[in-house]
Amino acid sequence: MTILFEQHDQLGSQVEDQNLSSKANDINDLVLDGGFVVPKDHKSNNGVVVPNDTVSSNGFIAPEINSFGQTFRDYNAESERQKTVEEFYRLNHINQTYDFVKKMREEYGKLDKVEMSIWECCELLNEVVDDSDPDLDEPQIEHLLQTAEAIRKDYPDEDWLHLTALIHDLGKVLLLPSFGELPQWAVVGDTHPLGCAFDESIVHHKYFKENPDFYNPDYNTKCGIYSEGCGLDNVVVSWGHDDYMYLVAKENGTTLPSAALFIIRYHSFYPLHRAGAYTHLMNKEDEENLKWLKVFNKYDLYSKSKVRIDVDKVKPYYLSLIEKYFPAKLRW
């Protein structure tokens, strides 16, 4: 998929004031791999004419169609890819229990698997493909660079956000043998809280009926074991690459801001930042950081493409950011 960008003036942290760009009509049609065309005004998969108003004031185009010619995050489309994704979520929803997550956090919180740099970990992702993703089946290093470069175009002065984009999925190395070779359902996919009711907005919610926590009276109410406004830091969220990379960054003393750590930890928490579920558990700091997560999510989701990034060209820039915000070697 070809993604077009337009340079903009720095917006800083005024993320709530972004409006749709009046320049949208001046941008050419998008041509996707395989011949799919996304014109300025086009029909979505349901046949509705959609004006190309998904261009934000910072110039990023959020297309309606992914690299398979379907709408993004369409979990009901008939395809072999969708069958794989649904089976993934069936296993995820059955096996991700409160006790399982606590066990994983205790085990992987030791950070005793490997010692390596951030960039070395980026290169390891060449071996990883995410079975939960209905929009892309490319090695994950491609997605990291696509996301980071898209944000860099629109937020040139927010270097912490560029680096956050580069590293947000590094926890997917949990799929590799040296990290325990965890199954896909324990590493990737959308995340959700444990210890309280499973919200209906969670993808393939029906499979939670096979999860033992579903019938636990302590866990199946709105707040469950938590209290309103307790803060997401006090909530147990399903285990995976998000929480693992958060632990790695935090325990290795990164100097990234709290918004970056929030993005890393909750970027797969779609029930929260797309459906508005579980907001009753958030505190004031969560609410502020969520603004940046919503900015980030657009790039994380819609920059997915089969267009390759010139790694050698951009590598020196990202190495400089890694040196700024992280130690040379990290415990994983």
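Residues in the sequence shown are numbered consecutively from 312, following the working numbering. Backbone N, C-alpha and C fix where the C-beta goes; we use that ideal spot for every residue, glycine too. The structure displayed is predicted, hence computed values, not measured ones.
Legend entry - Beta-carbon gap between isoleucine 462 and leucine 641 smaller than 9 Å: no
Inset, instruction - Using beta-carbon positions only, say whether tyrosine 409 and leucine 485 come within less than 9 Å of one another. - result: no
Legend entry - Contacting residues, own chain, Cβ-Cβ under 6 Å from phenylalanine 607 (five flanking each side not counted): Ile574
Inset, instruction - For alanine 588, I'd like the list of residues in its chain whose CB is within less than 7 Å of its CB, leaving aside the five on either flank, ordered along the chain. - result: Asp510, Ser512, Pro582
Legend entry - Start and end residues, alpha helix (DSSP H) containing glutamate 659: Past the boundaries of the shown model lies residue 659; the chain is included only from 312 to 643, so the question cannot be answered.
Inset, instruction - Within 10 angstroms of the Cβ of arginine 619, are there 16 or more other Cβ atoms? Answer buried if so, exposed if not. - result: exposed
Inset, instruction - Mind reading off the beta-carbon distance from arginine 401 to tyrosine 518? Whole number of angstroms is fine, and I expect it under 8 Å. - result: 5 Å
Inset, instruction - Please determine if the stretch 431 to 440 and the stretch 597 to 607 are in contact, where contact requires at least 3 C-beta pairs separated by less than 8 Å. - result: no
Legend entry - Close Cβ partners of leucine 567 (< 6 Å) along its chain, the five nearest in sequence each way excluded: Trp471, Tyr636
Legend entry - Residues bridged to glutamate 596 [DSSP beta-bridge criterion]: Paired residues: none, contrary to the question.
Legend entry - According to DSSP, residues forming a beta bridge with valine 425: Partner(s): none; valine 425 has no beta bridge.
Inset, instruction - With 9 Å as the threshold, decide whether the Cβ of valine 546 is near any Cβ in chain C. - result: Absent from the structure: chain C. Only one protein chain is present.
Legend entry - Distance, asparagine 563 Cα to glutamate 426 Cα: 11 Å
Inset, instruction - Could you pull the start and end residues of the alpha helix (DSSP H) that histidine 578 belongs to? - result: Unbroken run through histidine 578: none, as it is neither H nor E.
Inset, instruction - State buried or exposed for threonine 532, treating a residue as buried only when at least 16 other CB atoms are found within 10 Å of its CB. - result: exposed
Inset, instruction - Using the Cα positions of aspartate 423 and tryptophan 643, report the straight-line distance between them to the nearest angstrom. - result: 6 Å
Legend entry - Beta-ladder partner(s) of arginine 401, from DSSP: Answer is none; arginine 401 lacks a bridge partner.
Legend entry - Segment limits, alpha helix (DSSP H) that includes tyrosine 628: 622 to 636
Inset, instruction - For my contact list, isoleucine 633 and leucine 474 are in at a C-beta cut-off of 8 Å; report their separation, rounded to the angstrom. - result: 7 Å
Inset, instruction - Give a yes or no on contact between the stretch 518 to 529 and the stretch 585 to 600, applying the rule of three or more CB pairs nearer than 8 Å. - result: no
Legend entry - Endpoints, the alpha helix (DSSP H) within which arginine 416 is located: 409 to 419
Legend entry - Distance between asparagine 545 and glutamate 598 (C-alpha atoms, nearest Å): 15 Å
Inset, instruction - Report buried or exposed for aspartate 554, applying the criterion of at least 16 other Cβ atoms within 10 angstroms of its Cβ. - result: buried
Inset, instruction - Check whether the Cβ atoms of proline 504 and glycine 535 sit closer than 9 Å, and answer yes or no. - result: yes
Inset, instruction - Could you give the DSSP three-state label for leucine 567: helix, strand or coil? - result: coil
Inset, instruction - Confirm, please, whether the CB-CB distance from histidine 404 to lysine 483 is below 9 Å. - result: no
Inset, instruction - For glutamate 492, count neighbouring Cβ atoms within 10 angstroms of its own Cβ and tell me buried if that reaches 16, exposed if not. - result: exposed
Inset, instruction - Per DSSP, which residues does leucine 641 bridge with? Please list them. - result: Met427
Inset, instruction - Can you grab the Cα-Cα spacing for the pair valine 548 / valine 514, in whole Å? - result: 15 Å
Legend entry - Candidates Leu487, Thr458, Lys464: closest to alanine 476 by CA position: Thr458
Inset, instruction - Please state if the CB of glycine 500 and the CB of valine 529 are separated by a distance shorter than 9 Å. - result: Note that residue 529 is aspartate in the sequence shown here, rather than valine. No; because the gap between Cβ atoms is not below 9 Å, this pair is not in contact.
Legend entry - Cβ-based burial, aspartate 468 [other Cβ within 10 Å; buried from 16]: exposed
Inset, instruction - Would you mind sorting leucine 456 into buried or exposed? The rule is 16 or more other CB atoms within 10 Å of its CB. - result: buried
Legend entry - Alpha-carbon to alpha-carbon, histidine 479 and histidine 584: 16 Å
Legend entry - Own chain partners of alanine 508 with C-beta closer than 8 Å, once the 5 adjacent residues on each side are dropped: Tyr530, Asn531, Thr532, Lys533, Gly535
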